[in-house]
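K.L.:
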Amino acid sequence: MDSQAFLKTKAKRKKERQWTPTNNQVVRELLDHLAHELAAEYVRLIREKSAEADEGKASADEIVTGGA
Amino acid sequence: MIIEREWSLSEAARMLGEPQHRLIYLCEKGVVIPDFGEAKGRGSSRRFSARNILEFAVALKLRELMMPVTAIAAINHVMRELEKLVSREIPGFSLPRSLQKSNAPELRIIIGDGPKLHFSLGLMDGPPRIFGGLDLTGLISREKGGRGSGLKKLSSSHALTVDETAAASKPETAPYKARLEVNVTAMARDLSLKV
Chain Y
1 MDSQAFLKTK AKRKKERQWT PTNNQVVREL LDHLAHELAA EYVRLIREKS
51 AEADEGKASA DEIVTGGA
Chain B
1001 MIIEREWSLS EAARMLGEPQ HRLIYLCEKG VVIPDFGEAK GRGSSRRFSA
1051 RNILEFAVAL KLRELMMPVT AIAAINHVMR ELEKLVSREI PGFSLPRSLQ
1101 KSNAPELRII IGDGPKLHFS LGLMDGPPRI FGGLDLTGLI SREKGGRGSG
1151 LKKLSSSHAL TVDETAAASK PETAPYKARL EVNVTAMARD LSLKV
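So the protein lines, in turn, are chains Y and B. Residues 1 to 68 in this note's numbering are what the first sequence lists, from first letter to last. Residues 1001 to 1195 in this note's numbering are what the second sequence lists, from first letter to last.
1. Could you run through the stretch 1097-1126 of chain B and flag, in chain order, every residue whose CB is less than 7 Å away from some CB of chain Y?
2. Are the stretch 1010-1029 of chain B and the stretch 1115-1134 of chain B touching, with three or more C-beta to C-beta distances below 8 Å?
3. Given a cut-off of 9 Å, decide if Leu1180/B and Leu1054/B are closer than it, judged by their beta-carbon atoms.
4. Any heavy atom of the ligand SAM closer than 8 Å to the CB of Ser1087/B?
5. Counting only beta-carbon atoms, is Thr9/Y nearer than 9 Å to chain B?
6. Comparing the C-beta of Asp32/Y with each C-beta of chain B, is any distance below 9 Å?
7. With distances taken between CB atoms, is the gap from Lys1084/B to Val1182/B smaller than 9 Å?
8. Under DSSP, the beta strand (DSSP E) around Arg1129/B begins and ends at which residues?
9. I think Lys1029/B touches Val1069/B, with their Cβ atoms under 8 Å apart; what is that distance to the nearest whole Å?
10. If you run the structure through DSSP and keep just helix, strand and coil, what is Ser1098/B?
11. Could you tell me which of Pro1091/B, Met1066/B, Leu1107/B, Gln1020/B sits nearest to Glu37/Y, measuring between CA atoms?
12. Starting from Asn1183/B, trace the beta strand (DSSP E) both ways and give me its first and last residue.
13. Taking the Cβ atom as the reference point for each residue, do Arg1051/B and Leu1095/B lie within a distance shorter than 9 Å?
14. Pro21/Y: buried (16+ other C-beta within 10 angstroms of its C-beta) or exposed?
15. Chain Y partners of Leu1060/B, CB-CB under 9 Å?
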């Protein structure tokens, strides 16, 4: 095998080795969509939790003010 | 300004208690993409972010459970995108640090019969919601059988959309014969990342 053919094979093997599902557009779109749904839920949960914490703080303040 | 800590390959291997060659394998397979420089030849070195360390931890756990690398690469891609999208809405959000907080939602990876990939997300005191349902058959057969065929399947009949599947076969209600679950939040909490 001459050196050029060897390099070509080597490059081809390297490319094969680096193949990941995200190289495929269809798969990538599905995975991105999944990430999008997860992110929206994550943000919703965090906001819900911080709203609960704010409410709790506000009612604690009311109790303190009422007591005084 | 937050300066992100970087880890070298040997530091990452030491932290995870794994030999370096396992981490190199995961990088070469595209499972973990070093955030701070990819090795491009003699003298260059890979540098990893905290998120990369979590990706390694998840990947090594899934490898231990015999999951193929292509499926793990897909899972890590979802986690990378998740971080990107959430940080747009919640400034300062980053993996794994935001998952280490006591009030952080529980993120789990679930592989059910099929095999199908799901993620679950929920607070400690509430029921989790299930997302996904991506059939991994295509990804696995691509890895085993080489070129194309598996992916063709995946991109047509096997690839259900996220919404359809989430409604049709939720792992907690479906009569699964087997189910594999990895708690990403717990793994993030176990990492002792010295910043």
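Just so it is clear, CB atoms sit at the ideal spot from N, CA and C, and this is done for glycine as well.
P.N.:
Short version:
1. Result list: Asn1103, Pro1105, Phe1119, Leu1121, Leu1123.
2. No, because fewer than three Cβ pairs between the stretch 1010-1029 of chain B and the stretch 1115-1134 of chain B fall closer than 8 Å, the two stretches do not touch.
3. No; because the gap between Cβ atoms is not below 9 Å, this pair is not in contact.
4. With respect to the ligand SAM, the structure offers nothing, as it holds no ligand at all.
5. No - not a single Cβ of chain B is within 9 Å of the one on Thr9/Y.
6. At least one beta carbon of chain B lies nearer than 9 Å to the beta carbon of Asp32/Y.
7. Going by C-beta atoms, Lys1084/B is not nearer than 9 Å to Val1182/B.
8. Taken as a continuous stretch (DSSP letters only), the beta strand (DSSP E) holding Arg1129/B covers 1129-1135.
9. So it is a contact: roughly 4 Å between Cβ atoms.
10. Per DSSP, reduced to three states, the secondary structure at Ser1098/B is helical.
11. Each of Pro1091/B, Met1066/B, Leu1107/B, Gln1020/B was checked against the Cα of Glu37/Y, and the nearest Cα belongs to Leu1107/B.
12. Under the DSSP assignment, Asn1183/B falls in the beta strand (DSSP E) whose first and last residues are 1179-1183.
13. Cβ atoms of Arg1051/B and Leu1095/B: closer than 9 Å.
14. Buried, since its Cβ has 16 or more Cβ neighbours within 10 Å.
15. Neighbours of Leu1060/B on chain Y: none; closest Cβ ~17 Å, over 9 Å.
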